Amino acid sequence: MKKSMFYTGIGYLICSIALILFAKLGPDVSFKGVIIGFASSLILPGAIMIYKYIRWTKPQNIPIYEARIKEEQINLYDERKIMIRDKSGYITYTIMTWVLLFANLIFSTMRIKTIVLVVLWSLWLFQYICGVVVFKYLEKKL
Numbered sequence: 688m689k690k691s692m693f694y695t696g697i698g699y700l701i702c703s704i705a706l707i708l709f710a711k712l713g714p715d716v717s718f719k720g721v722i723i724g725f726a727s728s729l730i731l732p733g734a735i736m737i738y739k740y741i742r743w744t745k746p747q748n749i750p751i752y753e754a755r756i757k758e759e760q761i762n763l764y765d766e767r768k769i770m771i772r773d774k775s776g777y778i779t780y781t782i783m784t785w786v787l788l789f790a791n792l793i794f795s796t797m798r799i800k801t802i803v804l805v806v807l808w809s810l811w812l813f814q815y816i817c818g819v820v821v822f823k824y825l826e827k828k829l
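So the sequence shown is residues 688 to 829, counted in the numbering used here.
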């Protein structure tokens, strides 16, 4: 286990504590809820990173961790799993494109502010253009 994972976990915890202290003791700002939300979202990942580092660096767990890493490396370069990941990415991209399109159509019939509709249509267009650009790039590269 890399020591950087331990340091990242500590960094997350320090940032969350600093944000909570800023929200509680700092100036009165209108977005205290957002600051508390960010701080809360950093606590659990930081604690889990520290726990995993401590757990996997214990002497009795090192062989188990090395076996897991070896299996992960094998799975990472397995051709069948690469094909499955590619196919699942394509299916997810297609589903999200249709979901965004239908959400845009539904919101267009409701009385929603124009800026919301513009943002949703822009997201749909951005996703479509990104899909085409990435496909063309990979087609030339591979």
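C-beta atoms are modelled at their ideal positions from N, C-alpha and C, and glycine is treated no differently. Since we're looking at a predicted model, the values are computed, not measured.
For residue i, which residues in the same chain have their Cβ closer than 8 Å to its Cβ, ignoring the five residues on either side in sequence?
i: residue 747; result: none
i: residue 768; result: 762
Measuring only the C-alpha atoms, how far is residue i from residue j?
i: residue 742; j: residue 763; result: 24 Å
i: residue 786; j: residue 778; result: 12 Å
i: residue 753; j: residue 688; result: 9 Å
i: residue 733; j: residue 798; result: 42 Å
i: residue 731; j: residue 718; result: 22 Å
Measure how close the beta-carbons of residue i and residue j come, nearest whole angstrom, since I'm counting them as under 8 Å.
i: residue 794; j: residue 807; result: 6 Å
i: residue 783; j: residue 814; result: 7 Å
Spatial neighbours of residue i within its chain, please: C-beta separation below 7 Å, excluding the five flanking residues on both sides.
i: residue 725; result: 706
Mind checking residue i: buried by the 16 CB within 10 Å criterion, or exposed?
i: residue 727; result: exposed
i: residue 812; result: exposed
Can you list, in chain order, the residues of its chain with a C-beta nearer than 6 Å to that of residue i? Leave out the 5 residues immediately preceding and following it.
i: residue 723; result: 710
*Spell out a yes or no on whether the region 723–742 and the region 691–702 are touching, meaning 3 or more CB-CB pairs, one atom from each, closer than 8 Å.*
Yes: at least three Cβ pairs fall under 8 Å.
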